[in-house]
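Remarks on the structure that follows.
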């Protein structure tokens, strides 16, 4: 569980660094073109926000799976089964579900902040070109 959480956060950090580097090149190219015709779909910040929302959705699905799906070895198959007692397994699964849901909230906040910053920067650039 911890390995997947750390991996998802590490992937998001790498994506944010790459987006920052690409956005510098993207903004330099956009200065030569008309600012009112900014293509939103090709902007790396929008793509990064989409990736972050996707990771948020995946984390939420994993959280709900950990929370709702449990089968002990009494029924023949083991799903989300870790130790010998049912109560311990429920505690472990509840903790895992909480961590994944917090990770989902974190990815949602990061994506929302990325979009807010992008649209504020875009509005300021459009305002500067009008005057």
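Residue numbers (full-length UniProt numbering): 1 to 131. Glycine included, C-beta positions come from ideal geometry on N, C-alpha and C.
Assuming residue i contacts residue j under a Cβ cut-off of 8 Å, what Cβ separation, rounded to an integer in Å, is found between them?
i           : j          : result
residue 114 : residue 45 : 6 Å
Does residue i pass the burial test, meaning 16 or more other C-beta atoms within 10 Å, or should it be called exposed?
i           : result
residue 52  : buried
residue 127 : exposed
residue 87  : exposed
residue 83  : exposed
residue 69  : exposed
residue 13  : exposed
residue 94  : exposed
Can you give me the C-alpha to C-alpha distance between residue i and residue j, rounded to a whole angstrom?
i           : j           : result
residue 67  : residue 78  : 15 Å
residue 17  : residue 11  : 10 Å
residue 124 : residue 89  : 52 Å
residue 74  : residue 65  : 20 Å
residue 37  : residue 111 : The pLDDT assigned to residue 37 is 49, lower than 50, so where the model puts this residue is not dependable; a value taken from the coordinates is nonetheless given after this. Approximately 23 Å between the Cα atoms of the pair.
residue 15  : residue 85  : 40 Å
residue 31  : residue 101 : In this predicted model, residue 31 has a pLDDT of only 49, less than 50, meaning its place in the structure is not dependable; the value taken from the coordinates is given anyway. If you take the alpha carbons of residue 31 and residue 101, they lie about 40 Å apart.
Count Cβ pairs between the region 96-116 and the region 52-61 that sit closer than 8 Å; are there 3 or more? yes
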